[in-house]
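Residue numbers for the sequence shown follow full-length UniProt numbering, beginning at 1 and rising by one. Following: one structure in structure tokens, then a few remarks.
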Amino acid sequence: MPIHEIRESIELPSITLDSKGFGIIQKVINLKENMSHKMLQCDAFQDNPLPKFSGDTYLMELLVTPTPVIYTDMPIAGFTSRS
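Okay, structure coming up:
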């Protein structure tokens, strides 16, 4: 099977957070239909190691999924509304 490299990025100057400090950034990558797809590798880079926000805790999740993400109130690292 041939390997196709997909390079996608998300660049935002700022993120709007809710009252709990929760923000969602999503990106849909459309692949060719009626073909089999396998992910061989996923690299994630956070180019801003010191985010500008108030608070002591910070959590970033990267989810790669063929279906939409459903967020829950399950607490992780002191945060709620996680996937």
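In this text, a Cβ means the ideal position worked out from N, Cα and C, and glycines have one as well.
In this structure, does DSSP put residue i in helix, strand or coil?
| i | result |
| --- | --- |
| isoleucine 76 | strand |
Measure from the alpha carbon of residue i to the alpha carbon of each residue in the options, then state which is nearest.
| i | options | result |
| --- | --- | --- |
| isoleucine 6 | Pro13, Lys32 and Phe22 | Lys32 |
| proline 66 | Thr72, Ser19, Lys27 and Asp43 | Lys27 |
| histidine 4 | Leu62, Met35 and Met60 | Met35 |
| lysine 41 | Leu12, Ile70, Val64 and Ile76 | Residue 41 is actually glutamine in this sequence, not lysine. Checked all of Leu12, Ile70, Val64 and Ile76; the closest Cα to glutamine 41 is Val64. |
| threonine 72 | Ile15, Ile10, Phe22 and Pro13 | Phe22 |
Next on the checklist: As an exercise, report each continuous alpha helix (DSSP H) stretch of at least 4 residues that is fully enclosed by the stretch 8 to 57, in chain order.
Outcome noted: The DSSP assignment places no complete alpha helix (DSSP H) segment of no fewer than 4 residues inside the stretch 8 to 57.
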